[in-house]
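Student:
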Amino acid sequence: MIITEKVEILSLNNNWNIINKGRSIDIPAEVPGSVFEALLDNNIIEDPFYGLREHEVSWVYESDWEYETEFDLKPSFLEHKVILLRFYGLDTVSEVVLNGENLGFTDNMFIRYDFNVKTKVKSKKNKLVVKFKSPTLIAQTKKEKLGLNLNTGYAAIPGVPYLRKAQYSFGWDWGPKLPDVGIWKPVELIGYDSLKIDSIYITQKLHYNKNVNNFKEIEEVTDNGVMSANLLIEMILNSELLTSEFKHYSLKVDLKAPDGKIFTSESVINILTPKVEFTLEYPYLWWTHDLGTPNLYELSVTISKNGIIDSFKQKVGIKETCLIQNIDEWGESFFFMLNGVPLFAKGANWIPVDSFIPRGKKRGLYQSNLRNAKEANMNMIRVWGGGIYEDDLFYDLCDELGILVWQDFPFACAIYPNNEEF
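When we follow the numbering used here, the leftmost residue of the sequence shown carries the number 309, and every step to the right adds one.
1. Determine the direct distance from the alpha carbon of Gly467 to that of Ser619, and round the result to whole angstroms.
2. Spell out a yes or no on whether the stretch 356 to 371 and the stretch 490 to 498 are touching, meaning 3 or more CB-CB pairs, one atom from each, closer than 8 Å.
3. Does Trp324 come out as helix, strand or coil in the three-state DSSP assignment?
4. So is Trp658 buried or exposed if we call it buried at 16+ other beta carbons inside 10 Å?
5. For a test of the three-state rule: what should DSSP assign to Pro602, helix, strand or coil?
6. With 16 other CB atoms within 10 Å as the buried threshold, where does Ser319 fall?
7. Glu729 by DSSP, collapsed to three states: which one?
8. Classify Trp373 as helix, strand or coil using the three-state DSSP reduction.
9. On the DSSP letters alone, give me the boundaries of the beta strand (DSSP E) that Ile446 sits inside.
10. Got a sec? Which residues, its chain only, sit under 6 Å from Leu673 by beta carbon, not counting five neighbours each side?
11. Quick one: what's got a C-beta closer than 7 Å to Phe344's C-beta in the same chain, skipping five residues either side?
12. At the level of alpha carbons, what is the spacing between Leu503 and Ile579?
13. Only counting the same chain, and skipping five residues up and downstream in sequence, which positions put a Cβ closer than 6 Å to that of Asp422?
14. Report back the beta-carbon spacing between Val624 and Ile508 to the nearest angstrom; my notes put them in contact at under 8 Å.
15. With a cut-off of 8 Å, do at least 3 Cβ pairs link the stretch 589 to 598 to the stretch 535 to 542?
16. Under 8 Å: do the stretch 416 to 435 and the stretch 444 to 451 share three or more Cβ pairs, one atom per stretch?
17. Between the C-alpha atoms of Ile326 and Lys473, what's the straight-line distance to the nearest angstrom?
18. Can you grab the Cα-Cα spacing for the pair Asn519 / Gly533, in whole Å?
19. CB Pro340 to CB Pro443, shorter than 7 Å?
20. Could you check the C-alpha separation between His597 and Leu712 for me, to the nearest Å?
21. Can you tell me whether Ile313 is buried or exposed? The criterion is at least 16 other CB atoms within 10 Å of its CB, across all chains shown.
22. Since Val401 contacts Asp380 with CB under 8 Å, what's their CB separation in whole angstroms?
23. Are Asp372 and Lys329 closer than 7 Å when you measure CB to CB?
24. In the DSSP assignment, find the unbroken alpha helix (DSSP H) run with Ile665 in it and report its ends.
25. Alpha carbon to alpha carbon, how far is Asn424 from Asn726? Give it in angstroms, no decimals.
26. Using the beta-carbon count (16 or more within 10 Å), is Trp692 buried or exposed?
27. Name the DSSP beta bridge partners of Ala337, please?
28. Give a yes or no on whether the C-beta atoms belonging to Ile577 and Leu559 are separated by under 7 Å.
29. Which residues in the same chain as Ala288 place their Cβ atom closer than 7 Å to its Cβ, once the five residues preceding and following it in sequence are excluded?
30. My guess is that Ile617 and Val315 are in contact by the Cβ rule of under 8 Å, so how many angstroms apart are they, rounded?
31. Ile671 to Asn677, Cα distance in whole Å?
32. Determine the burial state of Pro484: buried for a count of at least 16 other Cβ atoms within 10 Å of its Cβ, exposed for fewer.
33. Enumerate in chain order the residues of its own chain whose CB-to-CB distance from Thr587 is below 7 Å, with the five nearest sequence positions on each side excluded.
34. Taking the C-alpha atoms as reference points, what is the distance between Ile353 and Ala346?
35. If Tyr697 and Pro469 are in contact, beta carbons under 8 Å, what's the gap, nearest whole angstrom?
36. State yes or no: is the C-beta of Ala722 within less than 7 Å of the C-beta of Asn459?
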């Protein structure tokens, strides 16, 4: 009997071991983490950044590895109608096995993987195994199968464009060849019975007192102002309900301004893709730190039925960034305009904070590096395509520090396959 419809989330980040193919290595491993991290933590290998040691540890990425854990579940959790096993990031080619049953395969470190395990979990001794294949051997196999040696980045291991894996890890002019393997983002079980928030997307439109595209004199820029902003909040919900049952559930969206004022929308849910729009008069704008204050609104979304079932929170900056490319006497302009004001972009290329990305986050490198960027008067950071779609922490910090992000797609200096997968 279901006592509550509230969405439950259980972390599965604890009690993992990694095991090599020959089972000569069986050691504890942190999740999020990686094989290289675990080997370093357990003194199996020495620091590969010292001297030429990177060449002494190639056996690590040329081997297959397994991550294993066991977990128990309370009877109340097993009663949920849907139980999802969610991996936020698996690096990269793997097979996921739960209680001896194959759940599926993964081959992309940049995306999330969900598996419905309602009929596969039990109360005691659930065994979860993630079997990783050697990334370099998989790349070599794909290259030989297709017969094309795709060009790669500087000094990189051949064949790597065939893998949806961060390209820097295979070697670059600034970094070593240390392609890692492992569960590099959190793992969790999600139980729900009726409705669950899957994702939220926000679009915005600013309304100015002048046509910012026609500015010719600096005085026009200084006299420019934003009169209002329209925010459209689009949601995607997951459901185990019939459409006729939606009417029993309510949706509440709160938007809290920097001055504490709260804008609220309440409605009955009738579709799985509800939309809410706010019109804000003279909004607090988000600015880069050199032009003003990076103001942030606080967005809160809740689904309720006799109490909150699921919720979502996120900070939102109200801004408009435009790339201006106008024909001029020299050819064509290329500059950014922020909230109607021309911006002199100052910044740098952002590569992953560590060859072993989870380790860099644990060491606080996101905070220190981005604060240093601000202190160096940078107002824009380019996330380089040879790296990753960055951690949420990176984007949150940029929002708070007043730094714009130029986001590359994860491709760099190579020819890639042109199939649908890519």
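We put the beta carbon where it would ideally sit given N, CA and C, even for glycine.
Remember, predicted model here, so these are calculated numbers, not experimental data.
Tutor: Here's the rundown:
1. 43 Å
2. Contact annotation: the stretch 356 to 371 does not touch the stretch 490 to 498, with fewer than three C-beta pairs closer than 8 Å.
3. strand
4. buried
5. strand
6. exposed
7. coil
8. strand
9. Premise fails: Ile446 lies in the alpha helix (DSSP H), 443 to 454, not in any beta strand (DSSP E).
10. Val661
11. Taking C-beta separations shorter than 7 Å and ignoring five residues to either side along the sequence, the partners of Phe344 in its chain run Val368, Leu486, Asp488, Phe664, following chain order.
12. 11 Å
13. Leu392, Arg394
14. Contact doesn't hold; Cβ gap of about 10 Å is too wide.
15. yes
16. no
17. 20 Å
18. 10 Å
19. no
20. The alpha-carbon separation between His597 and Leu712 amounts to approximately 10 Å.
21. One detail in the question is off: residue 313 reads as Glu in this sequence, not Ile. Buried is the call here.
22. Not quite, the Cβ-Cβ distance comes to about 30 Å (not below 8 Å), so this is no contact.
23. Going by C-beta atoms, Asp372 is nearer than 7 Å to Lys329.
24. DSSP places Ile665 inside the alpha helix (DSSP H), whose first and last residues are 665 to 670.
25. Near 31 Å, if we compare the C-alpha coordinates of Asn424 and Asn726.
26. buried
27. Trp324
28. yes
29. Absent from the model: residue 288. The displayed extent of the chain is 309 to 730, so no value can be given.
30. 6 Å
31. In the sequence as presented, Ile is not what sits at residue 671; that position holds Arg. If I take the Cα positions, the gap works out to 11 Å.
32. buried
33. Ser536, Asn538
34. 9 Å
35. Wrong, their Cβ atoms sit about 18 Å apart, outside the cutoff.
36. yes
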